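Contents: one structure, followed by commentary.
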Amino acid sequence: MKIIKIYCLILGLVISQVSCNKDLDINQDPSLVNNSSLSLLLPSGIAYSAATIGGDFQLIGSIWSQHYTQNNTSSQYSNEDSYILVNTDYNRPWDNIWAGGIKDLNTVIQLSQESGDWNYYIAASVMKAFDFHVLADMYGAIPIDESLQGENNTRPVYLSGEQVNTKIIAMLDDAISKQQSAGDLPTMGASDYIFNGDVDLWVQFAQTLKLKLLLRNHSANLPAIQTLLNSGDFLESDAKMDVFRNEENFSNPLFENDKRKLNTDVNLKASNTLLNFLKTNNDPRISDFFHPSVSTGEFTGLEQGTFDIPSATLPTGATSVSKLEATDPVYFLSAAESKFLQAVAWARLNNVPNAKINYDAGVTLAFSRWGHNAAAFITPTGPYAFPITTNLEVMVKAIITQKWVAAVRSQAWDSFFEQNRTGYPQVSDQTATTDAGYINGEYIISDNTALSEGEIPRRMPFPKSSSDYNPNTPPVVSINTKMWWHK
Numbered sequence: 083m084k085i086i087k088i089y090c091l092i093l094g095l096v097i098s099q100v101s102c103n104k105d106l107d108i109n110q111d112p113s114l115v116n117n118s119s120l121s122l123l124l125p126s127g128i129a130y131s132a133a134t135i136g137g138d139f140q141l142i143g144s145i146w147s148q149h150y151t152q153n154n155t156s157s158q159y160s161n162e163d164s165y166i167l168v169n170t171d172y173n174r175p176w177d178n179i180w181a182g183g184i185k186d187l188n189t190v191i192q193l194s195q196e197s198g199d200w201n202y203y204i205a206a207s208v209m210k211a212f213d214f215h216v217l218a219d220m221y222g223a224i225p226i227d228e229s230l231q232g233e234n235n236t237r238p239v240y241l242s243g244e245q246v247n248t249k250i251i252a253m254l255d256d257a258i259s260k261q262q263s264a265g266d267l268p269t270m271g272a273s274d275y276i277f278n279g280d281v282d283l284w285v286q287f288a289q290t291l292k293l294k295l296l297l298r299n300h301s302a303n304l305p306a307i308q309t310l311l312n313s314g315d316f317l318e319s320d321a322k323m324d325v326f327r328n329e330e331n332f333s334n335p336l337f338e339n340d341k342r343k344l345n346t347d348v349n350l351k352a353s354n355t356l357l358n359f360l361k362t363n364n365d366p367r368i369s370d371f372f373h374p375s376v377s378t379g380e381f382t383g384l385e386q387g388t389f390d391i392p393s394a395t396l397p398t399g400a401t402s403v404s405k406l407e408a409t410d411p412v413y414f415l416s417a418a419e420s421k422f423l424q425a426v427a428w429a430r431l432n433n434v435p436n437a438k439i440n441y442d443a444g445v446t447l448a449f450s451r452w453g454h455n456a457a458a459f460i461t462p463t464g465p466y467a468f469p470i471t472t473n474l475e476v477m478v479k480a481i482i483t484q485k486w487v488a489a490v491r492s493q494a495w496d497s498f499f500e501q502n503r504t505g506y507p508q509v510s511d512q513t514a515t516t517d518a519g520y521i522n523g524e525y526i527i528s529d530n531t532a533l534s535e536g537e538i539p540r541r542m543p544f545p546k547s548s549s550d551y552n553p554n555t556p557p558v559v560s561i562n563t564k565m566w567w568h569k
């Protein structure tokens, strides 16, 4: 049923956006290819990617980044909050992004290469590279080379995350190299859900994603990082899909699945890990992320993983529910993230002034997304002032902490990646945010954790839908097993 709903979302969005095309047959499945399919396949590939990244991965990222925790009077996400995942739990996102998003994008690449439609080629190549990046960071290894050969190869070989990273960077370089060839072609227009046909923005997306991937192994890539920073051609606007509306099967995918489709819309509650950080710093975004409690009108959260508190002790209305809207965009790479990535890169190159400039810009963009002014927060005496220091880890901690907050309601899957990459926010040795030794903003181990003491999730398990048919699928490992780029 959920797979059917996702297909309806994708098909409905694609048809509604390109319905001005008189030659469009609304009964044609976008996955059935002909030579005039570029304007259908590109939005279909983007929308499938958004459904997975902005739906399933955004959900689990929000819980594992301790933005949200499971409500104590319901149980929809108690396994995620307990760190209990097995290889049958998340087959859907894996299947959808491979068979839907990546397949459609790969077809666009093949057709546009044959026809010389380099604008479509660039957009599809960058989006496919982005999907591979998310999958590699979620699962560790993926079958990047042999996965799209259909019946010609039903047992694709998985490559390690480090190998995949190198191949993604090569894909991005290839896409960037086609920029000049795409300059005089007709615009993709509404077929491009992200940049409305602006190829230069797709190239900036590629450049920014390349910086992100180089930072995975920054010690070996500092010369390449320096060269890329010198180019200065990074995203200044959001790479996001922003075509959702408040209608069934046309909504933001997390809103659709969590708020509209379930029998309750209060599963996702404010985690005290994030909530107390916002309250301590008088951060105005708290009202953009959460609803006040019905009982008191105050913002009140739950300790991470305390969903077993009896409702008689803590009624539903006593705690703050996550705030999501049907029209929320799905963010792939935001302008704020672009600045934070540059800040980290400059910090690692010992350029403190440039690190501060980009950090301040990132915080400013993260505030302005919700209509707030960050000026008072980033002054030398403000709560989010950049630390002027030669201590690299102090700078990186400040940057990633703000990146963690900026990811709420937008890129929670990315803040999950960043904690793995940098170790920030750090994991507290206290058991609750109310403990005397707790440091504000640090992770708390879930109260109902199934992992060993002090451990948090690091990856998704390889799905059963792969291992059932492909003996080359790597064996299932514990979700707290670190990957090659983890700190």
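Counting with the working numbering, you get residues 83 to 569 for the letters of the sequence shown. Ideal placement from N, C-alpha and C gives every residue a C-beta, glycine not left out. Being a predicted model, the structure only gives us computed values, none of them experimental.
Candidates the options: closest to residue i by CA position
i      : options                        : result
Phe214 : Thr248, Gln231, Gln195         : Thr248
Ser144 : Lys351, Trp567, Thr382         : Lys351
Tyr506 : Asp347, Lys569, Thr395         : Lys569
Trp284 : Ala211, Lys343, Gln386, Ala418 : Ala211
Ser313 : His300, Gln286, Glu329         : Gln286
Gly523 : Val487, Thr504, Asp550, Ser263 : Val487
Val476 : Arg430, Gly444, Phe326         : Arg430
Leu415 : Glu196, Leu293, Gly383         : Leu293
Ile204 : Gln148, Asp177, Phe277         : Phe277
Asp410 : Ala518, Ser147, Phe326         : Phe326
Ala257 : Gln231, Trp200, Asn299, Val426 : Trp200
Trp567 : Ser528, Pro374, Phe499         : Phe499
Ala302 : Ala427, Phe459, Thr395, Leu474 : Ala427
Leu317 : Asp138, Ala418, Thr446         : Ala418
Cβ-based neighbour list, residue i, same chain, cut-off 7 angstroms, excluding 5 preceding and 5 following
i      : result
Leu360 : Arg367, Ile368
Pro543 : Leu167, Val168, Asn169, Val558, Ile561
Val100 : Since pLDDT at Val100 reaches only 48, below the 50 mark, its modelled position is unreliable, and the value read off the structure follows with that caveat. Excluding sequence neighbours, Val100 sits near Leu106, Ser121, Leu122, Pro125, Ala272, Ser273.
Ile128 : Met209, Tyr275, Ile276, Met323
Ala306 : Leu296
Lys564 : Arg540
His300 : Ile307, Arg430
Beta-carbon contacts of residue i that lie in its chain and below 6 angstroms, excluding the five residues immediately before and after
i      : result
Ser229 : Pro238
Asp370 : Trp452
Ser263 : Trp200
Ser548 : Thr555
Straight-line Cα distance separating residue j from residue i
i      : j      : result
Val190 : Asn552 : 26 angstroms
Thr388 : Asn154 : 7 angstroms
Lys546 : Tyr221 : 13 angstroms
Pro335 : Thr472 : 43 angstroms
Ser58  : Tyr275 : The requested residue 58 is not part of the displayed model; the chain covers only 83 to 569.
Leu106 : Asn440 : Annotation note: pLDDT 33 at Leu106 (below 50); position unreliable, coordinate value reported separately. Distance between the alpha carbons of Leu106 and Asn440 is about 45 angstroms.
Ala532 : Ala489 : 26 angstroms
Thr355 : Trp180 : 34 angstroms
Thr290 : Gln140 : 21 angstroms
Ile481 : Phe372 : 23 angstroms
Ser259 : Met270 : 19 angstroms
Thr398 : Leu295 : 42 angstroms
Ile538 : Ser157 : 20 angstroms
Asn363 : Lys485 : 15 angstroms
Glu244 : Asp227 : 14 angstroms
Glu329 : Leu304 : 47 angstroms
Asn116 : Arg174 : The predicted model places Asn116 with a pLDDT of 45, which falls under 50 and marks its position as unreliable, so this point remains unresolved.
Asp550 : Ser402 : 41 angstroms
Asn349 : Ser375 : 14 angstroms
Three-way DSSP call (helix, strand, coil) for residue i in this model
i      : result
Val490 : coil
Val351 : For clarity, residue 351 is Lys in the given sequence; the question names Val instead. In the structure shown, Lys351 sits in a strand (DSSP, three-state: E or B).
Tyr203 : helix
Tyr275 : coil
Ile224 : strand
Leu570 : Limits of the chain in this structure are 83 at one end and 569 at the other, which puts residue 570 out of reach.
Ser560 : coil
Tyr240 : coil
Leu295 : helix
Ser404 : strand
Leu123 : helix
Val509 : strand
Residue range of the beta strand (DSSP E) that includes residue i
i      : result
Val412 : 412-415
Gln152 : 150-152
Same chain, Cβ closer than 8 angstroms to residue i, neighbours up to 5 away in sequence not counted
i      : result
Asn554 : Pro225, Arg237, Pro238, Val239, Tyr240
Lys438 : Ala425, Phe468, Ile470
Limits of the alpha helix (DSSP H) - the one that residue i falls within
i      : result
Lys438 : 434-450
Ala321 : Where Ala321 is concerned, there is no enclosing alpha helix (DSSP H), although the beta strand (DSSP E) it sits in stretches over 321-323.
Arg342 : Looking at the DSSP string, Arg342 is not in any alpha helix (DSSP H), and its letter there is neither H nor E.
Phe468 : Neither: Phe468 is in no alpha helix (DSSP H) and is coded neither H nor E.
His300 : 300-313
Val190 : 185-197
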